[in-house]
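Peer 1: Protein chains in written order, with full-length UniProt numbering: chain R, 1 to 200; chain B, 1 to 433.
Built from N, CA and C at the ideal position, the CB exists for glycine as well.
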Amino acid sequence: MKVMVESHVREETSRYSYYMDLNYYINLAQKIKAWGEETIKADRETVFEIKQFLYREARLLDEGKMEDWLQLFTKDCLYWTPVTPGGGDPTKEITISFDDRRRLEDRVYRLRTGYAWSQIPASRTIRSISNVEVWKENNSNLYRVRCNFMLNELRAGKMKLLSGWYGFLLTKENNDWKILVKQNNLLDSDQAHENLTLLL
Amino acid sequence: MEQYLSLDEMVQPHRIHRKLYTEKEIFDQEMIKVFGGTWVYLAHESEIPKPNDFKTGYMGKRPVIIVRDNNGSFSAMFNRCTHRGATICREEKGNSKVFSCPYHGWTFKNTGELAGFPWPSGYSKDMDRSDLNLSHIRVDSYRGFIFGTLNREAPDLLTHLGPAAELMDQWLDRYDGKNIIVRNPNRMVYNGNWKLSYDNGADGYHVAFSHRSLLAVGQRLGENKDMTYFAQNPDNSEMTIQYLGNGHTFVDQRPNYKNVGDKWKQQRPQPGREILEEAIRNKFGEQADYLLDQAIGGQMNLCIFPNLLLIGNQIQVIQPVDVNRTELIWYSTQIEGLPEEINVLRLRSQEDFPSFGEPDDMTNFEECHFGLTIPEVEWVNIGRGYRIDGRQTIDEKGVIKGPVTDELPMRNYFQEWKRLMKTNLQLTAVSCN
Numbered sequence: 001m002k003v004m005v006e007s008h009v010r011e012e013t014s015r016y017s018y019y020m021d022l023n024y025y026i027n028l029a030q031k032i033k034a035w036g037e038e039t040i041k042a043d044r045e046t047v048f049e050i051k052q053f054l055y056r057e058a059r060l061l062d063e064g065k066m067e068d069w070l071q072l073f074t075k076d077c078l079y080w081t082p083v084t085p086g087g088g089d090p091t092k093e094i095t096i097s098f099d100d101r102r103r104l105e106d107r108v109y110r111l112r113t114g115y116a117w118s119q120i121p122a123s124r125t126i127r128s129i130s131n132v133e134v135w136k137e138n139n140s141n142l143y144r145v146r147c148n149f150m151l152n153e154l155r156a157g158k159m160k161l162l163s164g165w166y167g168f169l170l171t172k173e174n175n176d177w178k179i180l181v182k183q184n185n186l187l188d189s190d191q192a193h194e195n196l197t198l199l200l
Numbered sequence: 001m002e003q004y005l006s007l008d009e010m011v012q013p014h015r016i017h018r019k020l021y022t023e024k025e026i027f028d029q030e031m032i033k034v035f036g037g038t039w040v041y042l043a044h045e046s047e048i049p050k051p052n053d054f055k056t057g058y059m060g061k062r063p064v065i066i067v068r069d070n071n072g073s074f075s076a077m078f079n080r081c082t083h084r085g086a087t088i089c090r091e092e093k094g095n096s097k098v099f100s101c102p103y104h105g106w107t108f109k110n111t112g113e114l115a116g117f118p119w120p121s122g123y124s125k126d127m128d129r130s131d132l133n134l135s136h137i138r139v140d141s142y143r144g145f146i147f148g149t150l151n152r153e154a155p156d157l158l159t160h161l162g163p164a165a166e167l168m169d170q171w172l173d174r175y176d177g178k179n180i181i182v183r184n185p186n187r188m189v190y191n192g193n194w195k196l197s198y199d200n201g202a203d204g205y206h207v208a209f210s211h212r213s214l215l216a217v218g219q220r221l222g223e224n225k226d227m228t229y230f231a232q233n234p235d236n237s238e239m240t241i242q243y244l245g246n247g248h249t250f251v252d253q254r255p256n257y258k259n260v261g262d263k264w265k266q267q268r269p270q271p272g273r274e275i276l277e278e279a280i281r282n283k284f285g286e287q288a289d290y291l292l293d294q295a296i297g298g299q300m301n302l303c304i305f306p307n308l309l310l311i312g313n314q315i316q317v318i319q320p321v322d323v324n325r326t327e328l329i330w331y332s333t334q335i336e337g338l339p340e341e342i343n344v345l346r347l348r349s350q351e352d353f354p355s356f357g358e359p360d361d362m363t364n365f366e367e368c369h370f371g372l373t374i375p376e377v378e379w380v381n382i383g384r385g386y387r388i389d390g391r392q393t394i395d396e397k398g399v400i401k402g403p404v405t406d407e408l409p410m411r412n413y414f415q416e417w418k419r420l421m422k423t424n425l426q427l428t429a430v431s432c433n
């Protein structure tokens, strides 16, 4: 028996997850292979816009504006923190986060409950973005972005430093930049982490 | 110098002394006597599948190498050059017939036998080589789980596991004989004593409180998902908490899942849930619910003392780092031969609790440890369920059962802990020849 689901349900990605099938993983594997590929450089204006976008994204997180931050993601987004440096194979490996839209909203929702003891008191963060490189995908409204980050966290009186690089797939929807994929590559991704409950 | 109470004074039936968690001297003894005097989990066979595969790890604080030899059998050795003490293997995993010490080039076969050293003319011809082989740890495995002990007098592994072996069977037999494959771990660390995790492995009392944010997420979309059944007094449920002997403890949540498909239904939604479920239903029809359940944890918390917790579908290893620091290594698992959709769903399900549940527990472990440093408040109360007539039962195998919030696992495993700490055994590893 074929299960039929109304198309509007498939689009309610806050509630249902219809876009992350096995093909999604196959396509993703191809995309992340390209993180380091030096294809067509984006034009100056696009690079400028994207840098501004990245700085704003970092600031929204540092200011705890998590709902505004969520608005930066597409409805079929991925928020991915691999354990294996550089990504690995998420069909065979556990990750720190492999969030579809719904789970990313869960993540924010949990932090807002007032009962997430690991974030009481909440982390104070400050992050710096650098080494931004932007490439355009062939014939598409899709840009690959790599940048490095330094993230200082203060929580419960202790300072910590996280660092690594972000891989982004960005697209433009109605003149606004949106995040299709954000991959958080921590330098110490495969090491033991203390309380990694902040948004990266 | 502050006076210590005796172990008998510190481990009482309904309370234990805070120093069991906070004193470095006690920790150092535990690392020898508990993580040496009993069977300690070392590795899973699927992590070293081929001949000459090896994995490095720890037995307590001791660096060890676990090896599958040419004939396919397992051994574990101290990762210590018999020359001047350097670790001879510094990789997490690999395949090699020999280990060569990077310091002075002494070389050992993966059987532990000293193969040679550079410029042998510098040693006298009648030098006794017999104690220059790597020392072997006594090992035994049960259904792929490799354990080691330095106690020659310890009973065999199966006897030691006792009723826990049968529960391991139940955890593994959900897959109709298919093999489990241990995948990469997600590693966490907290600033607190290792026993705070072991206590928590069989604690049905904390869920409604420590995991309040997780349970709230479980209700976000208007349904009650995941462990929300812990929110009303769970003592009225059919769930039980158990002491299995030799330090092993158990929480049975399975009575909440009576029908095929219940585990799948109750699980909080994981990424790709609907589309992968659809694929499974289209391909497998009536079998689908049975398969989908295999993407979800077994609803058993089986804690094998002192360092192995089978929780959800994960193999969690407690690795003490210091008296106030503990690493938790959550190995993910997949099953050989299950549809790929199910194995992917397994991983996405195994990312749920480490994201939304464990961090709040680890925060509470840290805050426990912090509180326990107050010298003037000496006792940890473990009295829930103590001396209430008819609340606990003991079956013919000696398994003690009670309502799921009872602290009977702690009351009992600390007796085993005390027994090990009091024993003055000669703990040994033996040279391979």
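Taking tyrosine 18 of chain R as the reference, give the member of R/Lys75, R/Gln30, R/Ile126, R/Tyr55 with the closest Cα.
Peer 2: Here residue 18 of chain R refers to the residue found at position 18 of the first sequence. Considering only alpha carbons, the answer is R/Lys75.
Peer 1: If contacts are defined as beta-carbon pairs under 8 Å, then asparagine 185 of chain R and glycine 164 of chain R qualify, I think. What distance do you get, rounded to the angstrom?
Peer 2: Here residue 185 of chain R refers to the residue found at position 185 when the first sequence is read from its first residue. Here residue 164 of chain R refers to the residue found at position 164 when the first sequence is read from its first residue. Rounded, the Cβ-Cβ distance is 5 Å, consistent with contact.
Peer 1: I'd like to know if the region 232–249 of chain B and the region 409–417 of chain B are in contact, where contact means that at least 3 CB-CB pairs between them fall below 8 Å.
Peer 2: A contact exists between the region 232–249 of chain B and the region 409–417 of chain B.
Peer 1: Checking contacts by CB at 9 Å: is alanine 116 of chain R closer than that to chain B?
Peer 2: Position 116 of the first sequence, counted from the start, is the residue given in the question as residue 116 of chain R. With 9 Å as the cut-off, alanine 116 of chain R counts as an interface residue toward chain B.
Peer 1: Against chain R, with Cβ distances strictly below 9 Å, would methionine 1 of chain B count as a contact?
Peer 2: Counting from one through the second sequence, the residue named residue 1 of chain B turns up at place 1. Any reading at methionine 1 of chain B must be qualified, since the residue scores a pLDDT of 44, below 50, and its modelled position is unreliable; the value itself is stated next. Chain R contact via Cβ: absent.
Peer 1: If the criterion is Cβ atoms closer than 9 Å, does the pair arginine 138 of chain B and leucine 172 of chain B meet it?
Peer 2: Here residue 138 of chain B corresponds to residue number 138 of the second sequence, with the count starting at 1. Here residue 172 of chain B corresponds to residue number 172 of the second sequence, with the count starting at 1. Against a cut-off of 9 Å, the Cβ pair of leucine 172 of chain B and arginine 138 of chain B comes out as no contact.
Peer 1: Which residue's Cα is closest to the Cα of valine 321 of chain B: B/Asn307, B/Thr333, B/Ile311?
Peer 2: To locate residue 321 of chain B, count along the second sequence from 1; it is residue 321. That would be B/Asn307, whose Cα lies nearest to the Cα of valine 321 of chain B.
Peer 1: Classify lysine 55 of chain B as helix, strand or coil using the three-state DSSP reduction.
Peer 2: For this step, residue 55 of chain B is matched to residue 55 along the second sequence. Strand, per DSSP.
Peer 1: Counting only beta-carbon separations shorter than 9 Å, does lysine 19 of chain B have a partner in chain R?
Peer 2: The residue you call residue 19 of chain B lines up with position 19 of the second sequence. Not one chain R Cβ lies under 9 Å of lysine 19 of chain B.
Peer 1: Starting from glutamate 416 of chain B, follow the alpha helix (DSSP H) in both directions and report where the run begins and ends.
Peer 2: Here residue 416 of chain B is taken as the residue at index 416 of the second sequence, counted from 1. Unbroken alpha helix (DSSP H) run through glutamate 416 of chain B: 408–422.
Peer 1: How big is the Cα-Cα spacing for leucine 302 of chain B and isoleucine 311 of chain B?
Peer 2: Residue 302 of chain B sits at position 302 when you count from the first residue of the second sequence. Residue 311 of chain B sits at position 311 when you count from the first residue of the second sequence. Roughly 7 Å separates the two Cα atoms.
Peer 1: Assign tyrosine 4 of chain B to buried or exposed, taking buried as 16 or more other Cβ atoms, counted over all protein chains shown, within 10 Å of its Cβ.
Peer 2: As a first step, residue 4 of chain B must be located in the second sequence, where it is residue number 4. By the neighbour-count rule (16 or more Cβ atoms within 10 Å), tyrosine 4 of chain B is not buried but exposed.
Peer 1: Report the rounded CA-to-CA distance for tyrosine 41 of chain B versus aspartate 140 of chain B, giving the unit in angstroms.
Peer 2: Against the second sequence, residue 41 of chain B aligns to sequence position 41. Against the second sequence, residue 140 of chain B aligns to sequence position 140. So the two alpha carbons sit approximately 10 Å from each other.
Peer 1: Decide if the region 267–276 of chain B is in contact with the region 98–105 of chain R; the criterion is three or more beta carbon pairs, one per stretch, under 8 Å apart.
Peer 2: They touch, by the three-pair rule.
Peer 1: With H, G and I counted as helix, E and B as strand and the rest as coil, what does DSSP make of glutamine 314 of chain B?
Peer 2: Mapped onto the second sequence, residue 314 of chain B falls at position 314. Here glutamine 314 of chain B sits in strand by DSSP.
Peer 1: Taking all protein chains shown into account, decide if leucine 347 of chain B is buried (16 or more other Cβ within 10 angstroms of its Cβ) or exposed.
Peer 2: Reading the second sequence from its first residue, position 347 is the one you call residue 347 of chain B. By the 10 Å Cβ count, leucine 347 of chain B comes out buried.
Peer 1: Taking only beta-carbon positions, decide if glycine 164 of chain R is within less than 9 Å of chain B.
Peer 2: Residue mapping note: residue 164 of chain R aligns to position 164 of the first sequence, counting from 1. False, the Cβ-Cβ gap to chain B never drops below 9 Å.
Peer 1: Below 7 Å on C-beta distance, what does valine 83 of chain R contact in chain B?
Peer 2: Within the first sequence, residue 83 of chain R is the residue found at index 83, counting from 1. Near valine 83 of chain R (Cβ distances below 7 Å), the residues of chain B are Asn184, Asn186.
Peer 1: Does the ligand HEM have even one heavy atom less than 8 Å from the beta-carbon of tyrosine 103 of chain B?
Peer 2: The ligand HEM is absent from the structure shown, which contains no ligand whatsoever.
Peer 1: By the 8 Å beta-carbon criterion, what residues does the region 208–221 of chain B contribute toward chain R?
Peer 2: Answer set for the region 208–221 of chain B: Ser210, Arg212, Ser213, Leu214, Ala216, Val217, Arg220, Leu221.
Peer 1: Against chain B, with Cβ distances strictly below 9 Å, would serine 97 of chain R count as a contact?
Peer 2: In the first sequence, residue 97 of chain R corresponds to position 97, counting from 1. True, the Cβ-Cβ gap to chain B drops below 9 Å.
Peer 1: Between which two residues does the alpha helix (DSSP H) containing threonine 159 of chain B stretch?
Peer 2: Taking the first residue of the second sequence as 1, we reach residue 159 of chain B at position 159. First-last of the alpha helix (DSSP H) with threonine 159 of chain B: 157–161.
Peer 1: Let me know if arginine 90 of chain B comes out buried or exposed under the rule of 16 or more other beta-carbons within 10 Å of its beta-carbon.
Peer 2: Start at 1 with the first residue of the second sequence, and residue 90 of chain B comes out as number 90. Arginine 90 of chain B is exposed by the Cβ-count criterion.
Peer 1: Compute the Euclidean distance between the alpha carbons of isoleucine 94 of chain R and leucine 345 of chain B, then round it to the nearest angstrom.
Peer 2: As a first step, residue 94 of chain R must be located in the first sequence, where it is residue number 94. As a first step, residue 345 of chain B must be located in the second sequence, where it is residue number 345. Computed Cα separation, rounded: 11 Å.
Peer 1: Taking DSSP as the reference, what is the three-state secondary structure of proline 320 of chain B?
Peer 2: Counting from one through the second sequence, the residue named residue 320 of chain B turns up at place 320. Strand at proline 320 of chain B.
Peer 1: Assign glutamate 9 of chain B to one of two classes, buried (16 or more other C-beta atoms within 10 Å of its C-beta) or exposed (fewer than that).
Peer 2: By one-based count along the second sequence, residue 9 of chain B stands at place 9. Label assigned to glutamate 9 of chain B: exposed.
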